[in-house]
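The sequence shown begins at 1 in the UniProt record's numbering and counts up by one.
No residue lacks a Cβ here, since even glycine has one placed at the ideal position from N, Cα and C.
Shown next, in structure tokens, is the structure this report addresses.
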Amino acid sequence: MKILIVGAGGVGGYFGGLLAKAGQEVGFIARGDTLDALRGSGLRLTSPEGSTTVTDFAAGQGAEEVVDKLGGVDVVIVASKALAGNATFADVDTLPDVPVVTTYNSVQVHFDAAEVFGAERVLAGVVRGYMTRTAPAQITLNPGPLSLSFGLLPGVTETPEVAPLLVDALKNAGIGSKYHGADGVVLTDVWMKAMFVATTGVLGAVAQRPLGYLRTELRPQLRGLMEEVFAAGRALGVDLSDDAVETNLAFCDAQYEQATSSMHRDIAAGLPNELDAQVGALRRMARRGGVETPLLDIVYALALTR
1 MKILIVGAGG VGGYFGGLLA KAGQEVGFIA RGDTLDALRG SGLRLTSPEG
51 STTVTDFAAG QGAEEVVDKL GGVDVVIVAS KALAGNATFA DVDTLPDVPV
101 VTTYNSVQVH FDAAEVFGAE RVLAGVVRGY MTRTAPAQIT LNPGPLSLSF
151 GLLPGVTETP EVAPLLVDAL KNAGIGSKYH GADGVVLTDV WMKAMFVATT
201 GVLGAVAQRP LGYLRTELRP QLRGLMEEVF AAGRALGVDL SDDAVETNLA
251 FCDAQYEQAT SSMHRDIAAG LPNELDAQVG ALRRMARRGG VETPLLDIVY
301 ALALTR
């Protein structure tokens, strides 16, 4: 497959590197020091099993440049961060008819993508994995899951031909994957991920503590945040199971205790971050469903002061 990836940070760099290593034709849209590193020394991937350098890929500043190097493109994976004022989707809206996989930890940005590309082109994706960008084009995979699953937005029924091919490509690269199909089934996965990553991310940033502390000393608060997300999703018709909160807490218990999310780390470092895209989006969606979120409101306000 010919796969264009927007961004070469934790998610885009690691997934793209594994796909390229497995023989797929991969191209990155990147900029600045990251683009220089990709072009100069390649992509350095580190996991608990060891390190490897991948160099067999294309890289450039824009979609037209990278697609020209690839000789076409079958699918776009958008792995940039949803930051205020950032060109989230780069310039891939110039590519007609190409399916676009979104990978944001947000219950809203997938629908923003639909406004740009058309809902029929968007495959809402859910990433699970603790990838850390340690330097430009250098990504470390920490202990835990590694997957990218995706599916159609509500109201879209026709499966793109590329969907099963991408699932196979991801699995062959050692990345877990599942295609959720039609009827907006993927939204359950999107909300389950948000219930975990947005709550642990913002609570961790406010408490200045990793996951091991949150799931023990702050477990009641973490549970309360997750319950607000659960109530909001249910109010909007998302098919969350009755034990969704307990499932997410059990998932927390299974992760390594020093785990932190990229949003947590960005807030702590005073960097542009996804607080609005993650927690802000949950609060907006909750209001739309008539659900109050006092705990999310508090941690959101506190995180803004960091």
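{"Asked": "Give me, in chain order, the residues of the same chain whose beta-carbon lies closer than 8 Å to that of residue 308; leave out the 5 immediate sequence neighbours on both sides.", "Found": "Nothing can be reported for residue 308: it is not among the residues displayed for the chain, which extend from 1 to 306."}
{"Asked": "Alpha carbon to alpha carbon, how far is arginine 265 from phenylalanine 117? Give it in angstroms, no decimals.", "Found": "31 Å"}
{"Asked": "So who's on the other strand from glycine 151, going by DSSP bridges?", "Found": "Ala124"}
{"Asked": "Give the range of the beta strand (DSSP E) segment to which lysine 2 is assigned.", "Found": "2-6"}
{"Asked": "Out of Pro99, Gly71, Pro136, Val186, state which residue places its alpha-carbon closest to the alpha-carbon of glycine 237.", "Found": "Val186"}
{"Asked": "Any contact of the segment 240-254 with the segment 286-299, i.e. 3+ C-beta pairs under 8 Å?", "Found": "no"}
{"Asked": "Terminal residues of the continuous alpha helix (DSSP H) containing isoleucine 77?", "Found": "Where isoleucine 77 is concerned, there is no enclosing alpha helix (DSSP H), although the beta strand (DSSP E) it sits in stretches over 75-78."}
{"Asked": "Quick check on the burial criterion: 16 or more other C-beta atoms within 10 angstroms. Buried or exposed for proline 99?", "Found": "buried"}
{"Asked": "When you compare only the Cα positions, how much space is there between glycine 23 and valine 54?", "Found": "11 Å"}
{"Asked": "Taking just the CA atoms, how far does arginine 234 sit from glutamine 138?", "Found": "39 Å"}
{"Asked": "So, using beta-carbon positions, are glycine 16 and threonine 132 closer together than 8 Å?", "Found": "no"}
{"Asked": "To the nearest angstrom, report how far apart tyrosine 14 and threonine 134 are at their CA atoms.", "Found": "12 Å"}
{"Asked": "By the 10 Å Cβ neighbour count, where 16 or more other Cβ atoms means buried, how is glutamine 208 classified, buried or exposed?", "Found": "exposed"}
{"Asked": "Touch check for the segment 33-41 and the segment 97-113: three-plus C-beta pairs under 8 Å?", "Found": "no"}
{"Asked": "Three or more C-beta pairs under 8 Å: does that hold for the segment 245-254 against the segment 265-280?", "Found": "no"}
{"Asked": "Between the Cα of glycine 7 and those of Thr52, Glu25, Gly62, spot the shortest distance and give me the residue it belongs to.", "Found": "Gly62"}
{"Asked": "Could you say which of Gln278, Val122, Arg215, Gly151 lies nearest to leucine 95 if we only look at CA atoms?", "Found": "Val122"}
{"Asked": "Verify whether the separation of the beta carbon atoms of leucine 153 and isoleucine 175 is less than 8 Å.", "Found": "no"}
{"Asked": "Indicate whether aspartate 74 and valine 162 have their beta-carbon atoms separated by less than 8 Å.", "Found": "yes"}
{"Asked": "For leucine 70, which residues from the same chain have a beta carbon less than 6 Å from its beta carbon, with the 5 sequence-adjacent residues on both sides left out?", "Found": "Lys2, Glu25, Gly27, Ala58"}
{"Asked": "Looking only at DSSP bridge pairs, what is leucine 45 linked to?", "Found": "Thr52, Ile139"}
{"Asked": "For proline 272, count neighbouring Cβ atoms within 10 angstroms of its own Cβ and tell me buried if that reaches 16, exposed if not.", "Found": "exposed"}
{"Asked": "So, under 8 Å CB-CB, proline 145 and glycine 129 are touching, yes? Tell me the CB distance rounded to an integer number of Å.", "Found": "6 Å"}
{"Asked": "So aspartate 276 packs on alanine 84, CB below 8 Å; how close in whole Å?", "Found": "6 Å"}
{"Asked": "Could you have a look at threonine 103 and say whether DSSP puts it in helix, strand or coil?", "Found": "coil"}
{"Asked": "Which same chain residues end up closer than 7 Å to glycine 290 when comparing Cβ atoms and leaving out the 5 residues on each side of it in sequence?", "Found": "Ala235"}
{"Asked": "Under the criterion of a Cβ to heavy atom distance below 7 Å, does glycine 16 qualify as lining the ligand ATP?", "Found": "This structure simply doesn't include the ligand ATP, nor any ligand for that matter."}
{"Asked": "Methionine 131 bridges to which residues according to DSSP?", "Found": "Leu141"}
{"Asked": "Residues in the same chain with beta-carbon distance under 6 Å from lysine 178, minus the five sequence neighbours each way, listed in chain order, please.", "Found": "Ser149"}
{"Asked": "Measure the alpha-carbon distance for arginine 306 versus alanine 124 and round it to whole angstroms.", "Found": "31 Å"}
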